[in-house]
Amino acid sequence: MEERLYLILDSQGTPLANAVLESPLNSEVLQIRVLNDKVEAVMAHREIQLIGIDDSSPNRIGLIVRQREDQLVIQPTAALGPAARENLRILTEFDSVAYPVSGNWKGQRKIRAKDLSCGGIAFYSTVTLEDREILEMVLPVTDSPLVVRTQVLRQLPDESSELPLYASKFVDLIQDEEALIRKAVFSIQISTAD
Numbered sequence: 022m023e024e025r026l027y028l029i030l031d032s033q034g035t036p037l038a039n040a041v042l043e044s045p046l047n048s049e050v051l052q053i054r055v056l057n058d059k060v061e062a063v064m065a066h067r068e069i070q071l072i073g074i075d076d077s078s079p080n081r082i083g084l085i086v087r088q089r090e091d092q093l094v095i096q097p098t099a100a101l102g103p104a105a106r107e108n109l110r111i112l113t114e115f116d117s118v119a120y121p122v123s124g125n126w127k128g129q130r131k132i133r134a135k136d137l138s139c140g141g142i143a144f145y146s147t148v149t150l151e152d153r154e155i156l157e158m159v160l161p162v163t164d165s166p167l168v169v170r171t172q173v174l175r176q177l178p179d180e181s182s183e184l185p186l187y188a189s190k191f192v193d194l195i196q197d198e199e200a201l202i203r204k205a206v207f208s209i210q211i212s213t214a215d
């Protein structure tokens with residue numbers, strides 16, 4: 022059986038730890054092994070969310086039934102749809118560049134990421150952007166840098182920077198690109214949870 026990696030969140034969606042599912046996916050109760058000595062952080066909660074790193078791993082809400090060392094038994098109480106994985110948003114800062122696809126500017130411009138999800142990115146831009154504008158940007162946080170298209174949704178209020186902050190969603194992604202972004206999001210989240 023291949024190892025199925027999960028991210029454990031509390032009931033409010035705050036990441037707690039990383040875990041490996043050790044029971045079959047369709048078991049009535051799930052057995053997980055919490056990684057990196059984070060079992061106490063997880064045990065501080067009664068209800069948790071389990072978000073699978075890949076599409077074939079179902080996302081669940083469950084109650085902690087038992088603990089033995091780093092092993093937990095979870096009673097699933099509800100299924101979470103694929104949106105749970107898509108909406109997982111992590112704060113991360115990195116510098117990169119963007120190029121216009123539509124819009125009234127030319128050339129390469131610097132951007133700084135504020136947060137990243139499987140579905141989009143919030144970033145600061147050195148150029149003013151319009152809603153619905155399409156640009157290409159380099160994501161340096163994937164296994165190898167990835168150039169993706171993103172559509173500006175809106176400008177976000179932010180008093181902490183002189184640069185404008187924009188919310189955007191990824192567009193025209195192929196399945197491999199989605200998988201690389203998801204892996205990067207989970208990797209960053211797991212490293213910050215450690």
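Count the sequence shown with the working numbering and you get residues 22 to 215, in order.
Using N, Cα and C, we set each Cβ at its ideal position, and we do this for glycine too.
Because the structure is a prediction, the values reported are computed rather than measured.
Can you tell me which residues form a DSSP beta bridge with residue i?
i             : result
alanine 40    : Tyr27, Val55
glutamate 21  : Nothing can be reported for residue 21, as the shown portion of the chain is limited to 22 through 215.
glutamate 151 : Note: glutamate 151 sits in no beta bridge, so no partner.
serine 146    : Ile132
glutamate 68  : Leu84
Could you check how far apart the C-beta atoms of residue i and residue j are, in whole angstroms? I think they sit under 8 Å.
i              : j             : result
aspartate 91   : valine 60     : 5 Å
glycine 141    : alanine 188   : 7 Å
alanine 38     : alanine 62    : 6 Å
leucine 109    : isoleucine 72 : 6 Å
isoleucine 202 : cysteine 139  : 6 Å
leucine 93     : valine 55     : 6 Å
alanine 119    : glutamate 157 : 7 Å
leucine 30     : isoleucine 69 : 7 Å
alanine 134    : glutamate 114 : 6 Å
Give the secondary structure of residue i by DSSP, where H, G and I count as helix, E and B as strand, and everything else as coil.
i                 : result
glutamine 96      : strand
alanine 200       : helix
phenylalanine 191 : strand
serine 138        : strand
serine 181        : coil
phenylalanine 207 : helix
valine 60         : helix
alanine 105       : helix
glutamate 114     : coil
glutamine 176     : strand
glycine 73        : strand
leucine 186       : strand
Within 10 angstroms of its Cβ, does residue i collect 16 or more other Cβ (buried), or is it exposed?
i             : result
asparagine 80 : buried
proline 178   : exposed
valine 169    : buried
threonine 171 : buried
tyrosine 137  : Correcting the residue identity first, residue 137 is leucine in this sequence and not tyrosine. Burial call: buried.
glutamate 183 : exposed
glycine 83    : buried
valine 206    : buried
leucine 112   : exposed
arginine 153  : exposed
Answer with yes or no whether the minimum CB distance from residue i to chain C is below 8 Å.
i             : result
glutamate 114 : The displayed structure is made up of one protein chain only, and chain C is not part of it.
Given 7 Å as the limit, tell me if residue i has its C-beta closer than that to any heavy atom belonging to the ligand ZN.
i           : result
leucine 167 : This structure lacks the ligand ZN, and indeed carries no ligand of any kind.
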